[in-house]
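**Q** Input: one structure, supplied below.
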Amino acid sequence: MLTNFAALEVGQHLYWQIGNIRLHGQVFLTSWILLGALLVFISLGTKKMENDPKGLQNLLEFLWDYIRDLARTQIGEKVYRDWMPFIGTLFLFVFVSNWGGALIPWRLIKLPSGELGAPTADINTTIALALLVSLSYFYAGLSNKGWRYFEYYVHPTPIMLPFKILEDFTKPLSLSFRLFGNILADELVVGVLVFLVPLILPIPVMFLGLFTSAIQALIFATLAAYYIGEAVEEHH
Amino acid sequence: MLAFNFFGATEGGLFDINATLPLMAIQVVALTYILNSLFFKPVGKVVEKREKFVSNNIIEAKNKLSEVKKLEADLLTQLQSARTEAQRIVSEAENESDKLYKEALELANNEANASKEKARLEIESQTSSARDQLSKQADDLSELIVNRLILEK
């Protein structure tokens, strides 16, 4: 039964060999296409900035405001400015990847091995993002509070120490696997439904997938901001 | 034939972790810098400039409003004082005219009384002189009558 699903090509990759290292080519291909589209969109919107925003500028300002609110509520008034570009990039990258993977009919493009899809459906991408978040909150905590950052581990009591240390491992693990699992599962469900019933039935699931994709992007960005906010928070 | 290969898989699998991971991390960091200079900085500048403009305008409008209210209160007090002043002047003038009227009335009364008194005195004196004359004439006449009667005898 599972071999039949090989038609969906789960776990198949388009390998690029550069010297000694091997890359998942399909992940980079889709991410370059989607990020290129994002950058074109943003350059068009910010080409002529006016005081009375029109068209694309309006949308971009709304997006900026949304990301600022997210960063400000989670990180706090004091340092949210430093981290807003990072949080915003995470949100935009995950959102564009998820929606691009769900909306664009990649299946029509045949690859010699593997298939194109959301870059966030690859565990490498999500672990990369999650590790960046881990580095960021360590850096945020240490740069803002110096060695006093480690007070966080014994706050409010030293009993918390093992749990807080454990958290440093579970945070990136849960971040990466949540995103990876949700997006991969959505692709698989849509793929299987399209495979079994190619008419109408997959459409509501596709809409659900779009919803999930947006929510996952929001969750990822919010949690990243929350971890950074937790690291820079002052205990009294 | 299971498609699941865990860490250290030779080929393929859902959990096939390789150099894609660090390269993707570098790509995301680069994207952060690109988006910062292309998107977050310029849009933030415009939005914050506008927010500043709006809040400045609100503050200015509030200042103007309070100034208007102050001026309004000023004018109101001025109006009030002008009104009381007018009232005072009117009542003063009324008092003045009342006084003048009373004075004139008194003067006229006195004059009238004086001339009445004078007339009365004159009438009295004339009456008494007339009476004197009459009694003198009556005396003369009675003497004449007496003399005639005596002479006829």
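Protein chains in written order, with the numbering used here: chain S, 1361 to 1596; chain X, 8 to 160.
Don't be surprised by glycine CBs; every beta carbon is placed ideally from N, CA and C.
1. Quick one: measure Cβ to Cβ for S:Y1513 and S:A1591, integer angstroms, because I've assumed they're closer than 8 Å.
2. If you measure from the beta carbon of S:L1570 to each beta carbon in chain X, is any gap under 8 Å?
3. Step through the CB atoms of chain S and report whether any lies within less than 8 Å of the CB of X:G15.
4. Taking any Cβ of chain X, which residues in the region 1439-1462 of chain S have a Cβ under 9 Å from it, in chain order?
5. Using a Cβ-Cβ cutoff of less than 7 Å, which residues in the same chain neighbour S:E1527 once the five nearest sequence positions on both sides are dropped?
6. Quick test of the definition: if touching needs 3 or more C-beta pairs under 8 Å, does the region 1519-1534 of chain S touch the region 1555-1562 of chain S?
7. Which term fits S:P1532, buried or exposed, when burial requires 16 or more other beta carbons within 10 angstroms of its beta carbon?
8. Counting only beta-carbon atoms, is S:T1390 nearer than 8 Å to chain X?
9. If you draw a straight line from the C-alpha of X:E55 to the C-alpha of S:V1552, how long is it?
10. Are the CB atoms of S:P1445 and X:L45 within a distance shorter than 8 Å?
11. Closer than 7 Å by beta-carbon distance: list the chain S residues that pair up with X:A32, in chain order.
12. Output yes or no for whether 8 Å exceeds the beta carbon distance between X:A37 and S:L1383.
13. For the alpha helix (DSSP H) that S:Y1499 lies in, which residues bound it at each end?
14. Could you compute how far the alpha carbon of X:Y108 sits from the alpha carbon of X:A100?
15. Identify each residue in the region 43-57 of chain X for which the Cβ-Cβ distance to at least one residue of chain S is less than 7 Å, and report them in chain order.
16. Since S:Q1377 is in the alpha helix (DSSP H), which residue starts that stretch and which ends it?
17. Using the C-alpha atoms, what's the distance from S:E1475 back to S:H1373?
18. Would you report the Cα separation of S:N1458 and S:M1566, rounded to the nearest angstrom?
19. Strictly under 8 Å for the Cβ-Cβ distance: is S:T1582 near chain X by that measure?
20. Quick check: is the beta carbon of X:D23 nearer than 8 Å to any beta carbon in chain S?
21. What residue ranges within the region 1376-1416 of chain S form continuous beta strand (DSSP E) runs of no fewer than 3 residues, ordered along the chain?
22. By DSSP, does X:D23 sit in helix, in strand, or in coil?
23. Just to make sure I have the definition right: I need the residues of chain S whose C-beta is within less than 8 Å of the C-beta of X:I41. Which are they?
24. Do S:N1484 and X:I33 come within 8 Å of each other at the CB atom, strictly closer than that value?
25. To the nearest angstrom, report how far apart X:K123 and X:N116 are at their CA atoms.
26. Quick one: complete alpha helix (DSSP H) runs, 4+ long, within the region 89-137 of chain X?
27. Count the C-beta pairs between the region 1487-1504 of chain S and the region 1421-1429 of chain S that are closer than 8 Å, then say yes if the count reaches three, no if not.
28. Suppose the cutoff is 8 Å on Cβ atoms and the five residues either side in sequence are ignored; what does the same chain contact list for X:A16 look like?
29. In this structure, how does DSSP classify S:L1471 when only helix, strand and coil are distinguished?
30. Check whether the region 1576-1593 of chain S touches the region 1531-1550 of chain S, counting contact only when three or more Cβ pairs, one atom from each stretch, lie closer than 8 Å.
31. In this structure, does DSSP put S:V1552 in helix, strand or coil?
32. Closest to S:L1548 by CA distance: which of S:F1453, S:H1595, S:S1503 and S:G1477 is it?
**A** Put simply:
1. Rounded, the Cβ-Cβ distance is 11 Å, inconsistent with contact.
2. With 8 Å as the cut-off, S:L1570 does not count as an interface residue toward chain X.
3. At X:G15 the pLDDT is 41, less than 50, meaning the model places this residue with poor confidence and gives no usable figure here.
4. With the criterion set as a beta carbon lying under 9 Å from some beta carbon of chain X, the members of the region 1439-1462 of chain S are R1441, M1444, P1445, F1446, G1448, T1449, L1450, L1452 and F1453, in sequence order.
5. Apart from the 5 residues on each side of it in sequence, S:E1527 has no Cβ closer than 7 Å to any other Cβ in its chain.
6. Segments in contact, no.
7. So S:P1532 counts as buried.
8. S:T1390 does not count as touching chain X.
9. Here the alpha carbons of S:V1552 and X:E55 stand approximately 48 Å from one another.
10. Cβ atoms of X:L45 and S:P1445: not closer than 8 Å.
11. For X:A32, the chain S residues whose C-beta falls within less than 7 Å of its own C-beta are A1488, L1491 and L1492, listed in chain order.
12. It is not a contact, given that the beta carbons lie outside the stated cut-off.
13. Taken as a continuous stretch (DSSP letters only), the alpha helix (DSSP H) holding S:Y1499 covers I1483 to K1505.
14. Each residue's Cα considered, the two are about 12 Å apart.
15. Residues passing the 7 Å Cβ filter: N43, L45, F46, F47, P49, V50, G51, V53, V54 and R57.
16. First-last for S:Q1377: Y1375 to I1378, but that is the beta strand (DSSP E), not the alpha helix (DSSP H).
17. Cα to Cα, the separation comes out at about 7 Å.
18. In a straight line, the C-alpha of S:N1458 is about 12 Å away from that of S:M1566.
19. Judged by the 8 Å Cβ criterion, S:T1582 is not in contact with chain X.
20. Interface with chain S (8 Å Cβ-Cβ cutoff): X:D23 is included.
21. Those beta strand (DSSP E) runs which fall completely within the region 1376-1416 of chain S and span 3+ residues are 1381-1384.
22. X:D23: coil per DSSP, three-state reduction.
23. Those within 8 Å of X:I41 in chain S are L1399.
24. Not a contact, by the Cβ cut-off of 8 Å.
25. About 10 Å.
26. Listed in chain order, nothing qualifies, since the region 89-137 of chain X has no complete alpha helix (DSSP H) run of 4 or more residues.
27. Because the criterion of three Cβ pairs below 8 Å is not met, the region 1487-1504 of chain S and the region 1421-1429 of chain S do not touch.
28. Note that X:A16 scores 43 on pLDDT, short of 50, meaning its location in the model is unreliable; the coordinates nonetheless yield the value given after this. Excluding residues within five positions, the ones whose Cβ falls inside 8 Å are F22 and D23.
29. In the structure shown, S:L1471 sits in coil (DSSP, three-state: anything other than H, G, I, E or B).
30. In short, these stretches touch, since the Cβ pair count reaches three.
31. Here DSSP, grouped into helix, strand and coil, assigns S:V1552 to helix.
32. It is S:G1477.
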